[in-house]
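Participant: Numbering (my numbering), first residue to last: 17 to 380.
The beta carbon of each residue, even a glycine, is placed where N, CA and C say it ideally should be.
None of these values were measured; they are calculated from a predicted model.
Following this message is one structure expressed as C-alpha cells.
Given below as C-alpha cells:
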C-alpha cells in the first residue's frame, strides 16, 4: 500500500511543490509592484526547471537520510548486547550473562511481563546467533531473518538459501526494467539504470559470499561514520539494504531530474526530450511504432475473417449472398442508428413537409 501511495505521490507532488516554491520565490525576490515573470515566458519556464530540479534533489537527499535513520534505529545484535564487531565468543557469552542477571523475567518487577520476556528472549537469540560461527556469518550478511531459515546449519547452507532469495529479486527487477523500457517509460538514463542495477547486484553477491566484510565498508564507510558522525558502523546486511534504497533513489532521479537537465525553455514551455534523441526523431519513431501496431492488428483481423469464411471457400453464390447480407446489416444497424444520421434524416423529412396541408400523409 505504501508503495502505491509513493508512486501516486511522485506522479503529481513534484509539480505541485514546484509551483508553491516558485510562487514563494517570486514573493521574496521581487518587490511589490514590480512585474513577475508570467507563465508562457522563457524566464518563467527556466525558473520552473531549476526549482523543479532543486525540489526533487532535496527530497531525494531526505530519503537517503531517512533510510540511514531507519537502519540506525533498527539497531543490531551487536548493539543490543553492546559488544564490538570483533568480539570473541567468550566475550559475547560473558556479556550475555551480565545482561541476563539484569533483565531475566524473574529479576525484573514492576514492568509488563510480556515485554520483559520478549526482550530477554531477544538478547538470548542475539547471544546464541553471534556465538555460532555459521549463524554469525549469516546474520552479518542476511540480517535477523536467518532465525527463520530452517535446516540451515553450515555457512554453505546459509549462502545457498540466501542466493535463492537474491537471484529472484534481481531477476524480477531486471524484468520490470526491461518491460518498462519497451513501453517507453525509461528512455532517459536507460544505460545508467542497468549499470546501477548491475553494480548493486555485484556488491551484494560479493558481500554475501566473501569470508570477511567488504573492504570499502571496513576501511572507508565505517571509519568515516565513526569519525564524522559518531554513529554505529554498518553491518554488511545494513550496507546492502542501504545500497538497494540508494538505487531506487537514483532511478527516481533519472526519471524526475534527468529529463529536466536538457529541457528546452526558450519557447516559454518546458519541452522535455529524451536523452540524446531529437524530438522530431523521437516523434517519428513513435509514429512508426504505432503504424507497426496498427498493421499488426489489421493483419490479425484479416486472418480472423479468412478463418471464419473458410467453410464457404469456392462457393461464389454463398459468398455473394453473405456480402449482401453484411452490407444490409451495416446499413440497418450501424448507419441508421448513428445519432447524426438519424438527426439529418429527421431534418430532411421535416423540411419536405413544411408546406403540406394539415392532416396530409406522406412526404410530398
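1. Whose CA, out of 41, 161, 76, 64, lies closest to the CA of residue 93?
2. Of the choices 173, 169, 159, 60, whose alpha-carbon is the least far from that of residue 256?
3. Tell me, please, whether the region 136–155 touches the region 98–114 by the rule of three or more beta-carbon pairs shorter than 8 Å.
4. According to DSSP, is residue 287 helix, strand or coil?
5. Within the same chain, show all residues whose beta-carbon is closer than 6 Å to that of residue 291, passing over the 5 residues directly before and after it, in chain order.
6. Which whole runs of the beta strand (DSSP E) in the region 29–87 are 3 residues long or more, in chain order?
7. Starting from the C-beta of residue 197, find all residues in its chain whose C-beta is less than 7 Å away, skip the five residues before and the five after it, and write them out in chain order.
8. By alpha-carbon positions, which one of 240, 76, 155 ends up nearest to residue 228?
9. For residue 280, which residues does DSSP report across the bridge?
10. On the three-state DSSP scale, how would you describe residue 172?
11. In the DSSP assignment, the alpha helix (DSSP H) including residue 105 goes from what residue to what residue?
12. Give me the Cα-Cα distance between residue 96 and residue 68, rounded to the nearest whole angstrom.
13. Quick check: the Cα distance between residue 153 and residue 88, rounded to an integer number of angstroms?
14. Here's a check: name, in chain order, each residue in its chain whose Cβ is nearer than 6 Å to the Cβ of residue 169, leaving out the five neighbours to either side.
15. Check the C-beta distance from residue 230 over to residue 249 and give it rounded, since I have them as a contact under 8 Å.
16. Count the other C-beta atoms from every protein chain shown that fall within 10 angstroms of the C-beta of residue 188, then say buried if there are 16 or more, exposed otherwise.
17. If you draw a straight line from the C-alpha of residue 73 to the C-alpha of residue 100, how long is it?
18. Please classify residue 382: is it buried, with 16 or more other beta-carbons within 10 angstroms of its beta-carbon, or exposed?
19. Whole angstroms are fine: how far does the CA of residue 157 sit from the CA of residue 144?
20. From what residue to what residue does the alpha helix (DSSP H) around residue 138 run?
21. Kindly indicate which three-state DSSP category residue 125 falls into: helix, strand or coil?
22. With three or more beta-carbon pairs closer than 8 Å as the criterion, would you say the region 272–281 touches the region 57–67?
23. Can you check which of these residues, 216, 285, 254, is closest to residue 91 by C-alpha distance?
24. If you draw a straight line from the alpha carbon of residue 36 to that of residue 190, how long is it in whole angstroms?
25. Looking only at its chain, what residues have a beta carbon closer than 7 Å to the beta carbon of residue 247, apart from the 5 residues adjacent to it on each side?
26. Relative to the alpha-carbon of residue 211, which residue among 270, 327, 118, 224 has its alpha-carbon at the smallest distance?
27. Go through its chain and collect everything with a Cβ distance to residue 77's Cβ below 8 Å, but skip five positions before and after it.
28. For the alpha helix (DSSP H) containing residue 220, name the first residue and the last one.
29. Return the CA-CA distance between residue 57 and residue 286, expressed in angstroms with no decimal places.
30. When the Cα atoms are used, what is the spatial distance from residue 34 to residue 71?
31. Under 9 Å between the Cβ atoms of residue 340 and residue 55?
32. Is residue 233 buried or exposed, if buried means 16 or more other CB atoms sit within 10 Å of its CB?
33. Relative to the C-alpha of residue 179, which residue among 163, 272, 223 is closest?
34. Would the beta-carbon of residue 83 fall within 9 Å of that of residue 320?
35. Can you give me the Cβ contacts of residue 46 inside the same chain, cut-off strictly under 6 Å, excluding the 5 residues immediately before and after it?
36. Write down the C-beta distance between residue 225 and residue 79 rounded to the nearest angstrom, noting that I regard them as a contact closer than 8 Å.
Facilitator: Reading off the structure:
1. Translated into positions along the chain shown, residue 93 becomes position 77. Looking at the Cα atoms, 161 is the closest of the given residues.
2. By one-based count along the chain shown, residue 256 stands at place 240. Of 173, 169, 159, 60, the residue nearest in Cα terms is 159.
3. Result yes; three or more Cβ-Cβ pairs closer than 8 Å.
4. Position 271 of the chain shown holds residue 287. Residue 287 falls in the strand class under three-state DSSP.
5. The sequence position of residue 291 within the chain shown is 275, counting from 1. With a pLDDT of 46 at residue 291, under the threshold of 50, the modelled position of this residue cannot be trusted, and the question is left open.
6. The qualifying runs do not exist here; there are none.
7. Numbered from its first residue, the chain shown carries residue 197 at position 181. Counting only Cβ-Cβ distances below 7 Å, and skipping sequence neighbours, we find 206.
8. One-based indexing of the chain shown puts residue 228 at position 212. With distances taken between Cα atoms, residue 228 lies closest to 155.
9. Against the chain shown, residue 280 aligns to sequence position 264. Answer is 287, bridged to residue 280.
10. Indexing the chain shown from 1 puts residue 172 at position 156. DSSP, reduced to helix, strand and coil, places residue 172 within a helical segment of the structure shown.
11. Position 89 of the chain shown holds residue 105. Following the DSSP letters along the chain, one finds residue 105 inside the alpha helix (DSSP H) bounded by residues 105–119.
12. Position 80 of the chain shown, counted from the first residue, corresponds to residue 96. Position 52 of the chain shown, counted from the first residue, corresponds to residue 68. For the pair residue 96 and residue 68, the Cα-to-Cα distance works out to about 42 Å.
13. Residue 153 sits at position 137 when you count from the first residue of the chain shown. Residue 88 sits at position 72 when you count from the first residue of the chain shown. Rounded to whole angstroms, the separation of the alpha carbons of residue 88 and residue 153 is 20 Å.
14. Looking up residue 169 in the chain shown gives position 153. If we look at residue 169 and ignore the five residues flanking it on each side, it has no Cβ neighbours.
15. One-based indexing of the chain shown puts residue 230 at position 214. One-based indexing of the chain shown puts residue 249 at position 233. With a beta-carbon spacing of about 12 Å, residue 230 and residue 249 fall beyond the 8 Å limit used to define contacts.
16. Reading the chain shown from its first residue, position 172 is the one you call residue 188. Residue 188 is classed as exposed because its beta carbon has fewer than 16 other beta carbons within 10 Å across all chains shown.
17. Counted from its first residue, the chain shown places residue 73 at position 57. Counted from its first residue, the chain shown places residue 100 at position 84. Rounded to the nearest angstrom, the two C-alpha atoms are 36 Å apart.
18. The first residue shown for the chain is 17 and the last is 380, placing residue 382 beyond what the model contains.
19. The residue you call residue 144 lines up with position 128 of the chain shown. The residue you call residue 157 lines up with position 141 of the chain shown. Note on geometry: alpha-carbon atoms of residue 144 and residue 157 lie some 17 Å from one another.
20. Stepping through the chain shown from its first residue, residue 138 is reached at position 122. Per DSSP, residue 138 belongs to the alpha helix (DSSP H) from 129–147.
21. By one-based count along the chain shown, residue 125 stands at place 109. Coil, per DSSP.
22. Counting Cβ pairs under 8 Å, three or more are found: they touch.
23. Within the chain shown, residue 91 is the residue found at index 75, counting from 1. Scanning 216, 285, 254 for the CA closest to the CA of residue 91 turns up 254.
24. Looking up residue 36 in the chain shown gives position 20. Looking up residue 190 in the chain shown gives position 174. Their backbone Cα atoms lie some 36 Å apart in a straight line.
25. Along the chain shown, read from residue 1 onward, the residue named residue 247 stands at position 231. Annotation for residue 247: 88, 241 place their beta carbon closer than 7 Å to its own, counting only its chain and skipping 5 residues before and after.
26. Numbered from its first residue, the chain shown carries residue 211 at position 195. If we check each option's Cα against that of residue 211, 270 comes out closest.
27. Locating residue 77 in the chain shown gives position 61, counting from the first residue. Once the five neighbours on either side are set aside, residue 77 has no close Cβ partner at all.
28. Numbered from 1 along the chain shown, position 204 holds the residue referred to as residue 220. Per DSSP, the continuous alpha helix (DSSP H) segment holding residue 220 begins and ends at 206–225.
29. On the chain shown, residue 57 is found 41 positions in, with the first residue counted as 1. On the chain shown, residue 286 is found 270 positions in, with the first residue counted as 1. The C-alpha of residue 286 is placed about 10 Å away from the C-alpha of residue 57.
30. Here residue 34 corresponds to residue number 18 of the chain shown, with the count starting at 1. Here residue 71 corresponds to residue number 55 of the chain shown, with the count starting at 1. When rounded, the distance between both Cα atoms is 7 Å.
31. Your numbering for residue 340 matches position 324 in the chain shown. Your numbering for residue 55 matches position 39 in the chain shown. For the 9 Å CB-CB criterion, residue 340 and residue 55 do not form a contact.
32. Numbered from 1 along the chain shown, position 217 holds the residue referred to as residue 233. Residue 233 comes out buried.
33. As a working note, residue 179 is residue 163 in the chain shown. Closest in alpha carbon position to residue 179, among 163, 272, 223, is 223.
34. Residue numbering aside, residue 83 sits at position 67 when the chain shown is read from its first letter. Residue numbering aside, residue 320 sits at position 304 when the chain shown is read from its first letter. The answer is no: Cβ separation not under 9 Å.
35. Locating residue 46 in the chain shown gives position 30, counting from the first residue. Sequence-distant partners of residue 46 (beyond 5 residues in either direction) whose C-beta falls short of 6 Å from its own C-beta, in its chain, are 52.
36. For the purposes of this step, residue 225 is taken as the residue at position 209 of the chain shown. For the purposes of this step, residue 79 is taken as the residue at position 63 of the chain shown. Their Cβ separation, rounded to whole angstroms, is 29 Å, which puts residue 225 and residue 79 out of contact at 8 Å.
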